[in-house]
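J.:
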Amino acid sequence: LANATMLARVLLIVVIVAPWLWSAAALVFGLALAGAAPAVLWHLRRAGATRTGEGDQFSNPTQLSTALVFGVAYAGILLLAAWASERLGAAGLYAVAAISGLTDVDAITLSSLQLHANEAIGVREAMSAIVFAVSSNLVLKAAMVAVAGSLRLGWLTGLGFAGALLGLALGLWGLHTLVL
13 LANATMLARV LLIVVIVAPW LWSAAALVFG LALAGAAPAV LWHLRRAGAT
63 RTGEGDQFSN PTQLSTALVF GVAYAGILLL AAWASERLGA AGLYAVAAIS
113 GLTDVDAITL SSLQLHANEA IGVREAMSAI VFAVSSNLVL KAAMVAVAGS
163 LRLGWLTGLG FAGALLGLAL GLWGLHTLVL
């Protein structure tokens, strides 16, 4: 469920920060959300049958330390992404995106949008970098579940993420195939 929320959040970030990319973002993340929908619906149906009534405990998202860590991470990823893109081309940017996506997708999303706004990279490169970050994040989470939980649980999680990953791949293929 949280991973479908991540897809929607990334789509919203792109539309707010770079509204001229709405059609590219809608194609890529719309297909990813459609791919994630069966797993989300299955989870919601299953969770409704086993609800205990105890709510989740949330922490304050406005902590200064959290904001400072994000700011430092964003600045570092922006610099690294710009350097990699300039020195190594799109492949360098994609590598930075995949690695940074292992821990956080927001910083590379914002960095890619900033590079695109400054005309350092094109639409396809920006969206591809974001997709690589989101994909690596999903794959790592499935692997962590397999290691921390069980192999069976990891496979089930991976199966749940497969629809979103397929949607991301189809959206990226469409983006590279179509003229948007």
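Throughout, this note's numbering is defined as the position within the sequence shown, counted from one, plus 12.
Using N, Cα and C, we set each Cβ at its ideal position, and we do this for glycine too.
Inspect the beta-carbon positions of residue 175 and residue 49 and report whether they are closer than 9 angstroms.
T.: In contact: residue 175 and residue 49 (Cβ atoms closer than 9 angstroms).
J.: To the nearest angstrom, report how far apart residue 163 and residue 132 are at their CA atoms.
T.: Roughly 42 angstroms between the two C-alpha positions.
J.: Within 10 angstroms of the Cβ of residue 18, are there 16 or more other Cβ atoms? Answer buried if so, exposed if not.
T.: Per the 10 Å Cβ criterion, buried.
J.: Taking just the CA atoms, how far does residue 119 sit from residue 80?
T.: Between residue 80 and residue 119, the C-alpha separation is close to 13 angstroms.
J.: By DSSP, does residue 137 sit in helix, in strand, or in coil?
T.: In this structure, residue 137 counts as helix in the three-state DSSP scheme.
J.: Is there at least one non-hydrogen atom of the ligand GTP closer than 8 angstroms to the beta-carbon of residue 81?
T.: Only the bare structure without any ligand can be found here, which leaves the ligand GTP out of the picture.
J.: Return helix, strand or coil for residue 130, following the three-state DSSP convention.
T.: Three-state DSSP puts residue 130 in coil, outside helix and strand.
J.: Relative to the C-alpha of residue 134, which candidate in 180, 89 and 33 has its C-alpha closest?
T.: Cα-wise, what sits closest to residue 134 is 33.
J.: Just how far apart, CA to CA, sit residue 139 and residue 77?
T.: When rounded, the distance between both Cα atoms is 29 angstroms.
J.: For the region 142-152 and the region 110-118, state whether three or more C-beta atom pairs, one from each stretch, are separated by less than 8 angstroms.
T.: The region 142-152 is in contact with the region 110-118.
J.: Are the CB atoms of residue 172 and residue 40 nearer to each other than 9 angstroms?
T.: Their beta carbons are not under 9 angstroms apart, which means residue 172 does not touch residue 40 by this criterion.
J.: Between which two residues does the alpha helix (DSSP H) holding residue 115 run?
T.: Element bounds for residue 115: n/a, residue is neither H nor E.
J.: Do you know how far the Cα of residue 189 is from the Cα of residue 24?
T.: So the alpha carbons of these two residues sit roughly 23 angstroms apart.
J.: When the Cα atoms are used, what is the spatial distance from residue 88 to residue 95?
T.: About 11 angstroms.
J.: Compute the Euclidean distance between the alpha carbons of residue 10 and residue 127, then round it to the nearest angstrom.
T.: For residue 10 there is no data in the structure shown, the boundaries of the chain being 13 and 192.
J.: Quick check: the Cα distance between residue 152 and residue 130, rounded to an integer number of angstroms?
T.: Each residue's alpha carbon lies about 31 angstroms from the other.
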